[in-house]
Amino acid sequence: MNIYKNLIRPVLFRLPPETAHRMAICALRWGARPWGGVLRSVLTVKDEILKVTVGEGEDRLVFPNPVGLAAGFDKDAVALPALENFGFGFLEAGTLTPTGQPGNPPPRLFRFVKEEALVNRMGFNNAGADKVSERLARSPGKRIVSVPLGFNIGKMKETPLDRAAGDYVRCLEVLYDHADYFVVNVSSPNTPELRRLQEGASLAALLTAVREKADEWAGKRPARTRPRLLVKISPDENMEESVVESVLAARFDGIVATNTTRSRDGLTPPYPEEGGMSGRPLRHLSTDSLRRIHRFSKGRLLLIGSGGVFSAEDAYEKILAGASLVQIYTGWVYSGFTLVNRINRGLSDLLRRDGFSSVMQAVGRGV
Ligand SMILES: Cc1cc2nc3c(=O)[nH]c(=O)nc-3n(C[C@H](O)[C@H](O)[C@H](O)COP(=O)(O)O)c2cc1C
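The opening position of the sequence shown corresponds to residue 8 in our numbering, with each subsequent residue numbered one higher.
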């Protein structure tokens, strides 16, 4: 019997989605602690074939497995140590803006159970990068999780587009010491005009500003711990070629493909017009975008596939399309806390079945 689907989910799904999410974070923060070690030993899949190494020599970053938690689940980085126990190979906090903001008025999160989808228009509700970095600085020199940790960063709702770079740079500055990678989020559909930052010249200017600052601070940290820089894009605008050009020109390390979609294809009405859709109906759209990015970048970038991953087959599809790593959010909401374990076990079988000896060997092989 699937305990999550049969017992826990029916209770959680009686609550409004945001209340259920808040309760889950609370339970993770406090309840999962005593059981952490047991959970971790049961749910973590230890298998060399799953290991993903990014970079070389001193400068390398090792992911014990390619399945990570997508941005938005633990925006304020309050439950990361508990989340690590579910077997994730990496975790991403955020989106964080320089200071806290409330986001859009509720209701702003909607479930579509039959379709296994969510629509959200949260609008970067978060405690602020300043508060989160203050909290993290209380344990100086100590990592809060043992797997790679990313921070997804964004601009405040009130900041005009022509001053957006300042917000991203500010987040980078205050979180710099805690991050293994940063994701510059220019693709949320819920901050007015944010997606315009993906356009050619705007994106090039933004990424260059972020890269210059990161280079300035690089001296603060030994080479092997310098954070990687990625950008997260939307599946809706078909701008992959110019995004890849800007990313390479600014010497960014990679791309997360993709954020949620404005499309409602695959949903049965009524549905909210405003907001981004995630989950099963997003899968093809985001994998198509990933495949195009892989084609344009010709293996020169680290690609993270995000959108509609519910199974080992879905994760493998993204890897064959060019992703070295994948992330899940909505799949976790619908399938529960053993999903990462199931994906990792299935993935190692699929890799062996096809004669690969590592995830990296399979990256982009299905294009
Ligand atoms: C409720 C909710 C909030 C999200 N918040 C963020 C966010 O703050 N920043 C971000 O980059 N992506 C955010 N996302 C998008 C996810 O990180 C992910 O890219 C997207 O949901 C597709 O993956 P999935 O189909 O596995 O959910 C959010 C998604 C959901 C469902």
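Positions of the beta carbon are idealized from the N, C-alpha and C atoms, including for glycine.
Whole-angstrom distance between residue j and residue i, CA atom to CA atom
i: Ala77; j: Ile335; result: 5 Å
i: Trp37; j: Gly101; result: 20 Å
i: Leu133; j: Val181; result: Here the sequence assigns Asn to residue 133, which means Leu is not the residue at that position. C-alpha separation (whole angstroms): 15 Å.
i: Gly173; j: Asp356; result: 46 Å
i: His185; j: Glu55; result: 26 Å
i: Leu57; j: Phe344; result: 19 Å
i: Asp137; j: Asp361; result: 47 Å
i: Glu122; j: Gln368; result: 33 Å
i: Glu25; j: Asp66; result: 40 Å
i: Arg233; j: Lys82; result: 22 Å
i: Tyr323; j: Val85; result: 30 Å
i: Ala211; j: Val49; result: 45 Å
i: Lys239; j: Leu19; result: 30 Å
i: Val340; j: Gly148; result: 33 Å
i: Glu200; j: Phe363; result: 43 Å
i: Ser342; j: Pro112; result: 28 Å
i: Ser153; j: Thr51; result: 13 Å
i: Leu308; j: Gly75; result: 18 Å
i: Lys12; j: Val45; result: 21 Å
i: Pro109; j: Glu141; result: 19 Å
i: Arg177; j: Pro114; result: 30 Å
i: Gly306; j: Gly329; result: 8 Å
i: Glu165; j: Thr104; result: 11 Å
i: Leu332; j: Gly371; result: 12 Å
i: Val251; j: Arg218; result: 15 Å
i: Met8; j: Leu14; result: 10 Å
i: Pro288; j: Gly338; result: 11 Å
i: Leu87; j: Phe259; result: 26 Å
i: Arg235; j: Ser209; result: 21 Å
i: Arg150; j: Ala34; result: 22 Å
i: His28; j: Arg359; result: 36 Å
i: Ala144; j: Phe189; result: 18 Å
i: Arg290; j: Gln205; result: 21 Å
Proximity test, Cβ basis, 8 Å: residue i and chain B
i: Glu200; result: Checking the listed chains, one finds no chain B in this structure; it contains a single protein chain.
Host alpha helix (DSSP H) of residue i (start-end)
i: Ile335; result: Note, Ile335: premise wrong, no alpha helix (DSSP H); beta strand (DSSP E) at Leu332 to Ile335.
i: Thr102; result: Taken as a continuous stretch (DSSP letters only), Thr102 belongs to no alpha helix (DSSP H), being part of the beta strand (DSSP E) at Phe97 to Leu103.
i: Leu90; result: Leu87 to Glu91
i: Ala144; result: Ala136 to Ala144
i: Met367; result: Val366 to Ala369
i: Asn351; result: Leu346 to Arg360
i: Leu19; result: Arg16 to Leu19
i: Thr51; result: Note, Thr51: premise wrong, no alpha helix (DSSP H); not H, not E.
i: Arg29; result: Pro24 to Cys33
i: Ser153; result: Careful: Ser153 lies outside any alpha helix (DSSP H) and carries neither H nor E.
i: Glu244; result: Looking at the DSSP string, Glu244 is not in any alpha helix (DSSP H), and its letter there is neither H nor E.
Identified DSSP bridge partners for residue i
i: Gly261; result: Leu237 and Leu309
i: Val59; result: Phe70
i: Asn133; result: Gln108
i: Glu75; result: Checking the sequence, you will find Gly at residue 75 rather than Glu. Answer is Phe97 and Gln334, bridged to Gly75.
i: Thr267; result: Thr267 is not bridged to any residue.
Where the beta strand (DSSP E) through residue i begins and ends
i: Phe119; result: Leu116 to Phe119
i: Leu156; result: Leu156 to Ile160
i: Leu125; result: Ala124 to Asn127
Heavy atom of ligand 2 within 7 Å of residue i beta-carbon
i: Tyr341; result: Inclusion of ligand 2 in the displayed structure is not the case, the ligand content consisting of ligand 1 alone.
- prompt: Three or more C-beta pairs closer than 8 Å, one from the region 53-61 and one from the region 236-253: is that the case here?
  reply: Per the Cβ contact rule, the region 53-61 is not in contact with the region 236-253 (fewer than 3 Cβ pairs under 8 Å).
- request: Identify every run of the alpha helix (DSSP H) within the region 273-323, keeping only runs that are complete inside it and at least 4 residues long; order them along the chain.
  value: DSSP runs (the alpha helix (DSSP H)) wholly in the region 273-323: 290-304.
message: Restricting to runs no shorter than 3 residues, where is the beta strand (DSSP E) found entirely within the region 166-206?
response: Counting only runs of 3 or more, we get 188-192.
message: Using a Cβ distance threshold of 8 Å, determine whether the region 349-363 contacts the region 313-326, with at least three qualifying pairs required.
response: Using a C-beta cut-off of 8 Å, the region 349-363 makes contact with the region 313-326, since at least three inter-stretch Cβ pairs fall below that distance.
message: Taking 8 Å as the cut-off, does the region 117-132 touch the region 84-96 (at least 3 CB pairs, one atom from each stretch)?
response: Pairwise C-beta distances place the region 84-96 out of contact with the region 117-132, as fewer than three of them are shorter than 8 Å.
- prompt: Would you say the region 219-227 touches the region 264-282, given that touching needs at least three Cβ pairs under 8 Å?
  reply: Not touching, per the Cβ criterion.
task: Examine the Cβ distances between the region 252-267 and the region 193-211 and report whether three or more of them are shorter than 8 Å.
output: Touching, yes.
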